[in-house]
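Novice:
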Amino acid sequence: MSWIRTAVNRAVEVGGNNNLTRTVRSVADSVVQHAGSAVVEGAKILQDRIAARNMQNFRITVKRLEEVSVSCRGVERVQLLRRWVVALKEIDRLFNDQNDKDINDDKDNNDTTSNNDNDKNIDDQFSFEEIKDSPKKPTLVYYFDPEIGEPMNFREVFLYSQALEGMTLSMILEAPNEEEVSLFMEIFRICLAGGKEVHEAVMTSIKNLAMTFSNYQEEVLVKREELLQYAKAAIAGIKINADQARIDAEAYSLKEKLGEMKALQNPSSEGHEESSEKKIAAMIEDLTEALGLVRLYSRLEALLLKKKSLSNGDSPQFHAEKVDKLKVLSESLINSTSKAEKRILEQRFQKEEALSFRVAKANEVSQLEKELAAGIRELEKQKDKLEAELKKVNASLVAARSRLRNAREEQDHFDDASNQILLHLKTKEEEISKSIASYSVEAGVINAWINFLEDTWFLQTTYNEQKEKQVNGELERYGEYFVNLVIHLFSAYKEQLGPSISRIRHLVETLGSSGRLGETAKTESQKGLNQRKNVEEEYLNLESKFITSFGVVDSMKSQFYSPSEGIHRKNDERVKELFDDLESIKQEFESIEKPTLQVETPRQKSQSPSSAKSQKNPWSRLKAATIKAQQKKVNFELENDDGESSEYEMEEIVEWEYDAFEKDLKPSN
Numbered sequence: 001m002s003w004i005r006t007a008v009n010r011a012v013e014v015g016g017n018n019n020l021t022r023t024v025r026s027v028a029d030s031v032v033q034h035a036g037s038a039v040v041e042g043a044k045i046l047q048d049r050i051a052a053r054n055m056q057n058f059r060i061t062v063k064r065l066e067e068v069s070v071s072c073r074g075v076e077r078v079q080l081l082r083r084w085v086v087a088l089k090e091i092d093r094l095f096n097d098q099n100d101k102d103i104n105d106d107k108d109n110n111d112t113t114s115n116n117d118n119d120k121n122i123d124d125q126f127s128f129e130e131i132k133d134s135p136k137k138p139t140l141v142y143y144f145d146p147e148i149g150e151p152m153n154f155r156e157v158f159l160y161s162q163a164l165e166g167m168t169l170s171m172i173l174e175a176p177n178e179e180e181v182s183l184f185m186e187i188f189r190i191c192l193a194g195g196k197e198v199h200e201a202v203m204t205s206i207k208n209l210a211m212t213f214s215n216y217q218e219e220v221l222v223k224r225e226e227l228l229q230y231a232k233a234a235i236a237g238i239k240i241n242a243d244q245a246r247i248d249a250e251a252y253s254l255k256e257k258l259g260e261m262k263a264l265q266n267p268s269s270e271g272h273e274e275s276s277e278k279k280i281a282a283m284i285e286d287l288t289e290a291l292g293l294v295r296l297y298s299r300l301e302a303l304l305l306k307k308k309s310l311s312n313g314d315s316p317q318f319h320a321e322k323v324d325k326l327k328v329l330s331e332s333l334i335n336s337t338s339k340a341e342k343r344i345l346e347q348r349f350q351k352e353e354a355l356s357f358r359v360a361k362a363n364e365v366s367q368l369e370k371e372l373a374a375g376i377r378e379l380e381k382q383k384d385k386l387e388a389e390l391k392k393v394n395a396s397l398v399a400a401r402s403r404l405r406n407a408r409e410e411q412d413h414f415d416d417a418s419n420q421i422l423l424h425l426k427t428k429e430e431e432i433s434k435s436i437a438s439y440s441v442e443a444g445v446i447n448a449w450i451n452f453l454e455d456t457w458f459l460q461t462t463y464n465e466q467k468e469k470q471v472n473g474e475l476e477r478y479g480e481y482f483v484n485l486v487i488h489l490f491s492a493y494k495e496q497l498g499p500s501i502s503r504i505r506h507l508v509e510t511l512g513s514s515g516r517l518g519e520t521a522k523t524e525s526q527k528g529l530n531q532r533k534n535v536e537e538e539y540l541n542l543e544s545k546f547i548t549s550f551g552v553v554d555s556m557k558s559q560f561y562s563p564s565e566g567i568h569r570k571n572d573e574r575v576k577e578l579f580d581d582l583e584s585i586k587q588e589f590e591s592i593e594k595p596t597l598q599v600e601t602p603r604q605k606s607q608s609p610s611s612a613k614s615q616k617n618p619w620s621r622l623k624a625a626t627i628k629a630q631q632k633k634v635n636f637e638l639e640n641d642d643g644e645s646s647e648y649e650m651e652e653i654v655e656w657e658y659d660a661f662e663k664d665l666k667p668s669n
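With the first letter of the sequence shown counted as 1, position 55 gets the number 55 in UniProt numbering; the numbers rise by one all the way through.
(1) Among 560, 230, 365, which has the Cα closest to the Cα of residue 403?
(2) In chain order, what residues of the same chain have a beta carbon less than 7 angstroms from the beta carbon of residue 334, not counting five sequence neighbours either side?
(3) Sort 285, 183, 308, 211 by Cα distance to residue 244 and report the nearest one.
(4) Measure the C-alpha to C-alpha separation of residue 550 and residue 586 and round it to an integer number of angstroms.
(5) What is the DSSP secondary structure of residue 383, counted as helix, strand or coil?
(6) Taking all protein chains shown into account, decide if residue 554 is buried (16 or more other Cβ within 10 angstroms of its Cβ) or exposed.
(7) Taking all protein chains shown into account, do 16 or more other C-beta atoms lie within 10 angstroms of the C-beta of residue 115, making it buried, or fewer, making it exposed?
(8) Which residues in the same chain as residue 641 place their Cβ atom closer than 7 angstroms to its Cβ, once the five residues preceding and following it in sequence are excluded?
(9) Pull the bridge partners of residue 192 from the DSSP assignment, please.
(10) Nearest-angstrom Cα distance between residue 397 and residue 352?
(11) If we call anything under 8 angstroms between Cβ atoms a contact, is residue 578 one with residue 482?
(12) Alpha carbon to alpha carbon, how far is residue 82 from residue 183? Give it in angstroms, no decimals.
(13) Tell me, to the nearest whole angstrom, how far the beta carbon of residue 469 is from that of residue 581; I am working on the premise that it is less than 8 angstroms.
(14) Go ahead and label residue 136 buried or exposed: buried means 16 or more other beta carbons lie within 10 angstroms of its beta carbon, across all protein chains shown.
(15) Can you list, in chain order, the residues of its chain whose CB lies under 8 angstroms from that of residue 168, leaving out five sequence neighbours each side?
(16) To the nearest angstrom, how far is it from the Cα of residue 249 to the Cα of residue 330?
(17) Is DSSP giving residue 572 helix, strand or coil here?
(18) Please report the straight-line C-alpha distance between residue 363 and residue 369, rounded to a whole angstrom.
(19) Excluding five sequence neighbours on each side, which residues of the same chain lie with their C-beta closer than 6 angstroms to the C-beta of residue 258?
(20) Are the CB atoms of residue 474 and residue 304 nearer to each other than 8 angstroms?
(21) Give the straight-line distance between the Cα atoms of residue 339 and residue 229, rounded to the nearest whole angstrom.
(22) Using only CA atoms, which one of 61, 357, 221 lies nearest to residue 160?
(23) Is the separation between the beta-carbon of residue 539 and that of residue 507 shorter than 8 angstroms?
(24) Within its chain, find whatever has a CB closer than 7 angstroms to the CB of residue 485; leave out the 5 residues flanking it on each side and keep chain order.
(25) With H, G and I counted as helix, E and B as strand and the rest as coil, what does DSSP make of residue 223?
(26) For a test of the three-state rule: what should DSSP assign to residue 617, helix, strand or coil?
(27) With 16 other CB atoms within 10 Å as the buried threshold, where does residue 527 fall?
(28) Given this structure, state the Cα-to-Cα distance separating residue 310 from residue 241, to the nearest angstrom.
(29) Rounded to whole angstroms, how far is the Cβ of residue 238 from the Cβ of residue 460, which I believe are closer than 8 angstroms?
(30) By Cβ distance, which residues of its chain are closer than 7 angstroms to residue 455, with the 5 residues on each side in sequence left out?
(31) Would you report the Cα separation of residue 382 and residue 409, rounded to the nearest angstrom?
(32) Specify the secondary structure class of residue 110 as computed by DSSP and reduced to three states.
(33) Report yes if the CB atom of residue 326 is closer than 8 angstroms to the CB atom of residue 172, and no otherwise.
(34) Answer yes or no: do residue 158 and residue 65 have a C-beta to C-beta separation smaller than 8 angstroms?
(35) How about residue 73 and residue 225: do their beta carbons lie closer than 8 angstroms?
(36) Can you tell me where the alpha helix (DSSP H) with residue 544 in it begins and where it stops?
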């Protein structure tokens, strides 16, 4: 507030110690005093309100939300979802009621100034706190973190945390029922980007992932935890950014202020018949409003650029790496499955060959057994008949029995070996069948994950493109408003200052001729002295008007040409033409030699020759002070690396320029 009072005092000092000067100073002091009192009282009320709120720790709340979102199952998860939905809906309802109330208050108070609008917004916030703290409605809990600064409600804390991603992982691990699906859809409506169709598509994908994940028990190539992390990152990519709501609210407030300030602006051609003192006061008020508009436009551009830079989820490169990795794993599992099937076919062929060999060998042994049995019977018959050949027959019988025993033992050994081979082949076949089942299940899970990641990525890219188009459109539109404002102001300055050049030349000539006549006559009448005093006062008023206008033009020129990434100015030629015209008027004003004023004569006698020489051209000292201010601004920008002090630099430049004006205007009093 002190710099506004200083600026008004320095501007009105040109008019001398008359009643208008005292009136303007008293009004400025009264405005500053009332504004200071309002700020102090507002701070006290705000402190009381914050103390009355239900404040909780931000970091502890985020940690608890993330823990319970993953650990809760069954009935506990349903109850947790119900509490979340009730809290989020209550916050939406409260803030929607407050927004409706702000709209109705704006319709009733369209003729108030920007300072009164700020006071009204503070009063509305306090009344809203009273509504929240009333016993008829639930108390709104706020969460505070010293690093963030301002307190946040439950919705902002919920968006900052990873509770939504944790609940998604919980529903993938354990499929949700119908009630949980409906509650989770309500949370999607509040916390996810897109419309109802997008939310239903995401919920369907989560159900499919839960179904495929229930059959995925044995890990082969990919880890279950890795797949869950991929799903978590995908949900984070389509979640609403917590900072975007704050940026949109501040941008909306700035747009309303800009609309109100445009509606309150008066045409520059009105008031030509008013006195010179009233013109100067009106012009100072217009200049202050113009500088306020410039600062509002600069802040709005900075907010839009910050909104453009916001992003959620994975980068395109990291998303492509995830999908490529899953595709490679899927192809590897498919190849392993095909190889295992080929091995089963080969072992089945070997099994068939072993069985066929076994049957042939059994037939051969059976035939041999039959032949030996027939021979034994024939030999026993010959034994009864041929007692003489008993020894020969007995020997043949012993040999035949020995061969029969050997054949049977060989058959038994072969049967045991064949059974062991068959059991081994059967065991191998069962193991390979289990491997094939695991490969198929994991391949299905990976394919479901690929589809889910591609669907969520498409939603994320579509949302980012829409946001970027919207922000670029607003940047272009408000940049054009800013250029039109500069053209309008400079055109008005050109129209006001152009005709005043001839007038100030005429006043200088009049003062010069009256000075020469005064030297020859040595004495003048009282009427002539009064006329000369009036002419000198008119000259001083015009001179202060020129100096103040050129200082504001230089400040707006530096603001207009300040480099800003992502901002393109249109109609630059028209602005440059107006700059050149005002610069020519400035040079023409500098070329006019300042006359010797009767008001300055007593001071000039007491000053040294060097100070008298410096008063011949006050604009040269103003120019030197401006150059020095620009050098200080460059040094300040080099020291400030974060690039967030544009408003502070503009206030410093205005103070430096007014310091230069003070040095030039004080001798004229």
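Where a beta carbon is used, it is the ideal one built from N, C-alpha and C, also for glycine.
Specialist: In short:
(1) 365
(2) 443
(3) 308
(4) 7 angstroms
(5) helix
(6) buried
(7) Reliability of the predicted coordinates at residue 115 is poor, the pLDDT of 41 falling under 50, and no value is obtained from them.
(8) In this prediction, residue 641 scores a pLDDT of 38, lower than 50, which makes its location untrustworthy; the coordinate-derived value is nonetheless stated afterwards. There are no such residues.
(9) 239
(10) 39 angstroms
(11) no
(12) 7 angstroms
(13) Rounded, the Cβ-Cβ distance is 38 angstroms, inconsistent with contact.
(14) Residue placement at residue 136 is flagged as unreliable, the pLDDT there being 38, under the threshold of 50; a coordinate-derived value is accordingly withheld.
(15) 206, 231, 232, 235
(16) 46 angstroms
(17) helix
(18) 10 angstroms
(19) 296
(20) yes
(21) 31 angstroms
(22) 61
(23) yes
(24) 293
(25) coil
(26) Since pLDDT at residue 617 reaches only 46, below the 50 mark, its modelled position is unreliable, and the value read off the structure follows with that caveat. Residue state, collapsed to three classes: coil.
(27) exposed
(28) 8 angstroms
(29) 5 angstroms
(30) 201, 205
(31) 28 angstroms
(32) Low per-residue confidence applies at residue 110: pLDDT is 46, beneath 50, and the placement is therefore not dependable, though the value from the model is reported in the following sentence. Residue state, collapsed to three classes: coil.
(33) no
(34) yes
(35) no
(36) 526-560
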